[in-house]
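Note that the protein sequences, when read in sequence, are chains A and B. Following the numbering used here, the numbering of the first sequence begins with 5 at its first residue and continues without gaps. Following the numbering used here, the numbering of the second sequence begins with 5 at its first residue and continues without gaps. Positions of the beta carbon are idealized from the N, C-alpha and C atoms, including for glycine. Keep in mind the model is a prediction, meaning the values are calculated, not measured.
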Amino acid sequence: MSPDRRSRREILHDGAGLTGAAALLPAVAASASAADPQTSTPLGKARHCIFLWLGGGMAQIDTFDPKPKGDPKLKKPGCYYDTIPTAVPGVSVSEHLERTARVMDRVTAVRTVFHGTVDEHATAVHYVHTGRAISETIRYPSIGGIVAHERGSGSPTTPPYVVIGYPNASRDPGFLGAGSGYLYVTRTDAGPAGFVRHEDVTGDRQARREQLLAQLRRRATADPDVKQYDDVLAQSLRLAGPEFTRLFNLNEESSSVRQAYGGEFGQRCLLARRLVESGVSFVEVSHNLNFINGTGWDTHNEGQLNQHRLIRELDSALSALILDLEKRGSLDRTLIVIGTEFGRPAAFDAGGGRGHHAKCFSLVLAGGGLRHRGAWGETDVLAQKALTPGVSVPDFHATLLAALGIDPGKTLYDGARPVPITDGGRPIRELFPKL
Amino acid sequence: MGRWKRLPMHAAVVGLALLGVAARVGGATAASRSVAPAGGVTVELVEQGVPLEKQWPTHPGPAAESYEETAFGFFHEPWRYISTGVREDRPSPHLFRAKARVTLPAGSFRVLLRARGPARLTVDGQPVVDLPVPPERTDGHNPIRHDFLELGPETRYRAAGDHEAVADHQSTGAPREWVLETLVGGRAGKEPLRPELGETLVAVAAKGSDRFHLLSPARRVPLTDPGWEAYRAEREAHYRRVEAGRRAVARLASADYWAMRHTAARDWVKQHPAPLPPPAGPATHPIDRFLEAQLKPTVRNAASGASPSLATPFDREIRPLLKARCLNCHASTASGGLRLDSAAAARKGGASGRPAIAPGHPEASTLIARVAGTSAEHRMPPGPNPLTPAEIARLTEWIRRGATWTDDPVVAVRPSPLIDDPGFLRRVTLDLTGTVPTLTEARAFLADRRPDRRARLIDRLLDDPRWADPWVAYWQDLLAENPNLVNSTLNNTGPFRWWLYESFLDRKPLDLMVTELIRMEGSRFGGGPAGFGLAAMNDAPLVAKANILGTALLATEMKCARCHDAPYHASKQSDLFNLAAMLARAPVAVPITSSVPSAKLGGRTPRIKVTLQPGEKVPPHWSLESLARNEFPNRWLAQPDDTRDRLAALITAPWNERFAEVMVNRVWRRYMGRGLVEPLHDWENARPSHPTLLKWLAREFVGSGYDLRHLSRLILTSRAYQRQSRTNPEANRLFAAPPRRRLSAEQVVDSSFDAFGRKFDVEPLCIDLDGARPPINGLNFGKPRRAWEFVYSSNERDRPSLTLPRNEAVTELLLAFGWTGSRQDAQADRRVEPMAIQPALLANGTVSRWLTRLSDDSRLTALCLQNRPIELLVEDLFLGILTRKPTDEERRAVISVLKPGYATRVNAVAAAVPARKPQPYVAWSNHLDPEATDIRIREAAEARQGPPPTRRLTPAWRERMEDVLWTLLNLPERVYVP
């Protein structure tokens, strides 16, 4: 197997491979970008990405792209809340993003994102994660899988990609293979699946188990294939030890920090910060707590009534994450992204909630060493139509990759088939420091 | 919620009122006309005259179907089969009627009616109790139901999604005619709902007693959890027999046709005999004679004392390099006019007219100039990964030394000795059943001293119904079977797994199975091959299917042709769309996505060409004449215009040898670990390592009537299959030793659960438990029995209330070992590289807890309770889990853990009786109730806890034993085929 085909995970348990192959990557990227004027965007210096996923479809008009108020009772389209100014003159957000408003100079709400995907969650979730329509000839990797593949992990004892949420096909690494896949955690108090011992397995019992296992697995090492599995068995026993699992112990944080981040979603963001600081390249954090308003971000009908609680939870977690990373000096190295499958229209449905709208909606970038401007792009009075050139999902992915120092013009390979890393996406150059 | 609690009290009254009307106008009077047979319960399914809204028919039609039952307990209508035996949906809704003459003793009774849909019960035409179904929302905002009737300490609670009511009944002691009617299925808009019964039942209890029994003329089935479960298991076995019979009857209708086809196949084989195996040396099995002929020169070398010659440098270094980096474009597709797949072609060179390889003269060889080039525009291979300096040096040196090119590498390889009996037993059982031998099977085989015991074992396993399981998993990947629990999206298909399963269970000839596949008839969402025809959200589903059929059946890769002519393949866009049109039975329009904007073709001379324009209509046509000729007798087609039948016939015609050879190669690879042709799915630039053997096997397969079992028996009885495994490329290529194979994900899961004595204790694989949504928005996969039945709980909405925690515990393990949970495309090969998450889940995952927990319902607990010396327990553990005896060292190590407390390990207490409690259920219809999330989180925690430990063993010793089980579960040898 040539070095470029080795999965990150393989490299992870092979110290020599790690330095060798990792060293190759930026060189390849640099040479490719030099050759292609289309991608002469300066590559950013961020090393990690925290991708906050607002499953269901965040209403741009009620959050990052507020407009004059409407009224569900009168069937008058418009914002559900009041609008407040932010740290960036001329940029305003909804009243429930009060704390984020104060740090909006570290944030850019990209307000003219669009895609043509049909009005269905799974398909749109897939599109925003992969930047591609579904295909029967290839399995496209998620943006997390791509970053894992390109960046690997910053440390031999941490995985490149972690999901705090549920596994699904759109988060999968596709043709890049399981080596670019994720570990996942469904709750911050649960630890990563597979690496947390059952509570009643005491230290003594674990010692007894491992001692007996050591005696019985001697047979395995005689066979070269079984030996490979035996090696990852040894690795997994190490990972289940305290050095890795303590990353998931939020009790190590001071209570003031924990309180600043807020509820379960905030705690997930705090966990994400701990993970990227330990070397994880990409953490997807799902904001999937549908008991807060009943529907999560999919605010049809009654879901609208308590949407503000969801927005406030996002507000405190996001602003705390930005300020905490900044205080620790790692905001420029950590790109924060808010992803969601589509936006929502300004008009209200029969139950006072909102339907789906993918033709123009907001995705958000923060930190990561970008030149932030509070907002990018202008929309009409209903926040439903772009008045400035739209940003496609591939463009958004290209921006994300470029910020992480990954050449967005690069080609990946599914076997012999060349696959551009994005589907013709071009980064938003204005967000990068001038050459 | 209050209205639910009140409902039962009023049910009898409401029932009287409603049925009083209904009885005059239709159903009940019609039903009571025919007399129920003595001793049995007659079920009638009425399809005509049933309104689409949930309303009782005023003029129900005649029974479309009728069958016998034994009691008023119903959860399944046996499938209906059409054509050659594929499942077909019944209309939804339809009327289900059950009637029987039952004699209850004189006295007062309580009568319980449960059903999924509206239901009514009459005695001699007089209403007893009924169940109206109130209108419900299906958008997720229903409340969690807590309206369980308390009917006694042991009575089973109502099942998820069902409704219930009780009424009083006075019996005179005389026989009475009982009639139950219920509406099954319904409509959501225009879409039919899944026709499901839930647990539709009638049960009675004498007044003053709280012991309910299913109403029955002839048997007593207690309505307790164990009583119902035993009844259900018995009836499921009965339905399996009934359905197998129905399929057999359906197939009989075309028996003459298929006999004619198979006679034609046999005749063709007679007229075109296969190459004979080389004369017998020491081997007698034809396969071994073919294989050992290619090992012969080596054997001679070794005998004459000459040092065994290794492969030439060309075989070791150059051929693999050319194959990996050049032949994609420079073989059959001859990019730039150049081929590098033979010495002559390489010397001739390409369009430049100069030799690519000039033996002895690297400086005159364009190959070297191109690979060493510095200009990205000119350099080969194109792309960001040029050859390394070492590779270029190797090529240069090889050319300088004369570019020796050997066509058939001769290698010195000694065949491995035969594997021992325990290893053989484990290997062949895994291959044929997908799981490991049971303790009983292992004891029996290892005690068998007959010289033909291996052949007998193979025959026994070929007859085992478990034979179907590994083949289903295999074809799920091959055909991209991709049904979803919730909304059909992302290339989702129907759950045609059930058709696959029944096909292999029935030992269907493979040409018939492929014909059914291509006809795509029957149920789309109930498990018929029509489900293969779906690809949700795909703008050209039949193009996707044509592509899948090409790789699966003909080993021709056309995926590039979806958008452009293939640079690495001869196939054109039109080939694929022609084929898709044959499946469509009509011209197919090229979708807008099936193109590549010219800007994307890149700076160099484009290697791809777009030859079809979006919108263009492509007619049905067979253009792949080189793979199969469109020739067969007219009588092979019932309808000459049916292009699907034509396609099926030409692919499976015996003289079109490609199909049989591709199938033989697939079977060979499954058992031998390596194909006679690699890669399996794309033969364009591949050649068989043993061409005569491939041909011989294909003739055997065709001559046997496309019988997979005959083919399997041939391969498994060979010495080549039965040799000790060792990973060595040369030995593996020549089948002198099979490579070491890792268990598939399904095998890891099934063999772990079997060896550790547990069944899957998981939720029904269904989000729409109350059947409120049409199949396109929710399927019901039931409770899985084998690993292939699981579905990926793809939770795009990230809602905790839409999880199935127990399902996820198993699928996370399956995924870690390479299971393709979401099969958006066909899988040529799964990845088997070891990753830390695999042992991690076996060590700490939820399933690990289930498997190592000694609970009352674990078979291993029973083993531990046997009164016998500790040595025998340890022997059984090794034999049952690893199919081998422990070594002395292993025995000592395990005994040293288990000895303390062994003598006093048994507590003289009875097994705990599982607590019976009502289970509020979460379904799509109520998942937005905040309580739904709480329930799921609690369920996830309970799943993680595992079953409660037995009290029949002392805790200290039980923990020791669980530690031993954990160790055995985590042994690396468990995840490899011996």
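- Nearest CB-CB separation between residue 345 of chain B and chain A: not below the 7 Å threshold.
- One thing to note: residue 216 of chain B has its Cβ within 7 Å of the Cβ of residue 159 of chain B.
- Between the region 67-74 of chain B and the region 181-199 of chain B there are fewer than three C-beta pairs closer than 8 Å, too few to call the two in contact.
- If you look at residue 613 of chain B, you'll find it isn't in any beta strand (DSSP E); DSSP assigns it neither H nor E.
- Judged by DSSP secondary structure, residue 970 of chain B falls within the alpha helix (DSSP H) whose first and last residues are 959-973.
- In the structure shown, the three-state DSSP call for residue 343 of chain A is strand.
- Note that the C-beta distance between residue 109 of chain A and residue 99 of chain A is not below 7 Å.
- Bridge partners of residue 80 of chain A according to DSSP: A/75.
- Per DSSP, the continuous alpha helix (DSSP H) segment holding residue 854 of chain B begins and ends at 850-856.
- For residue 796 of chain B, the residues of chain A that pass the 9 Å Cβ criterion are 171, 172, 173, in the order they occur in the chain.
- The residue among B/783, B/717, B/397, B/246 with its C-alpha nearest the C-alpha of residue 701 of chain B is B/717.
- DSSP assignment within the region 767-853 of chain B yields the following whole alpha helix (DSSP H) runs of 4 residues or more, N-terminal first: 809-820, 841-848.
- Nearest to residue 506 of chain B by C-alpha distance, out of B/259, B/474, B/482, is B/474.
- Taken in chain order, the unbroken stretches of alpha helix (DSSP H) that lie wholly in the region 154-229 of chain A and span 4 residues or more are 207-220.
- Within chain B, 800 have C-beta atoms less than 7 Å from the C-beta of residue 129 of chain A, given in sequence order.
- Distance check between residue 131 of chain B and each of B/218, B/387, B/117 places B/117 closest, using alpha-carbon atoms only.
- Taking 7 Å as the CB threshold, residue 849 of chain B lines the interface with chain A.
- Going by DSSP, residue 263 of chain A is part of the alpha helix (DSSP H) stretching over 259-265.
- Bounds of the alpha helix (DSSP H) holding residue 753 of chain B are 749-759.
- Just so you know, the alpha carbons of residue 647 of chain B and residue 195 of chain B end up roughly 29 Å apart.
- Assignment of residue 330 of chain B by DSSP, reduced to helix, strand and coil, places it in the coil class.
- The bridge partners DSSP lists for residue 53 of chain A are A/286, A/339.
- Contact between the region 687-694 of chain B and the region 639-646 of chain B is absent: fewer than three C-beta pairs spanning the two stretches fall below 8 Å.
- Neighbours of residue 219 of chain A across chain B, judged by C-beta separation under 8 Å: 893, 894, 897.
- Sequence-distant Cβ neighbours of residue 327 of chain A in its own chain, meaning closer than 7 Å and more than five residues away, are 107.
- Using beta-carbon distances, residue 199 of chain A counts as an interface residue toward chain B, with a partner under 7 Å.
- Taking all protein chains shown into account, residue 913 of chain B has fewer than 16 neighbouring C-beta atoms within 10 Å of its C-beta and is therefore exposed.
- With three or more CB-CB distances shorter than 8 Å, the region 924-935 of chain B counts as touching the region 141-157 of chain B.
- In the DSSP secondary-structure assignment, residue 71 of chain B is bridged to B/47.
- Taking the Cβ atoms as the reference, residue 175 of chain A lies roughly 11 Å from residue 166 of chain A, outside the contact range of under 8 Å.
- With a contact defined as Cβ atoms closer than 8 Å, residue 578 of chain B and residue 615 of chain B qualify at about 7 Å.
- For residue 494 of chain B, a Cβ of chain A is located within less than 7 Å of the residue's own Cβ.
- Residue 621 of chain B is bridged by DSSP to B/593.
- Contact of residue 186 of chain A with chain B is not assigned, every C-beta pair being separated by 7 Å or more.
- Take the alpha-carbon of residue 753 of chain B and the one of residue 831 of chain B: they are about 20 Å apart.
- Non-local beta-carbon contacts of residue 904 of chain B in its own chain, meaning distances under 6 Å to residues more than five positions away in sequence, are absent.
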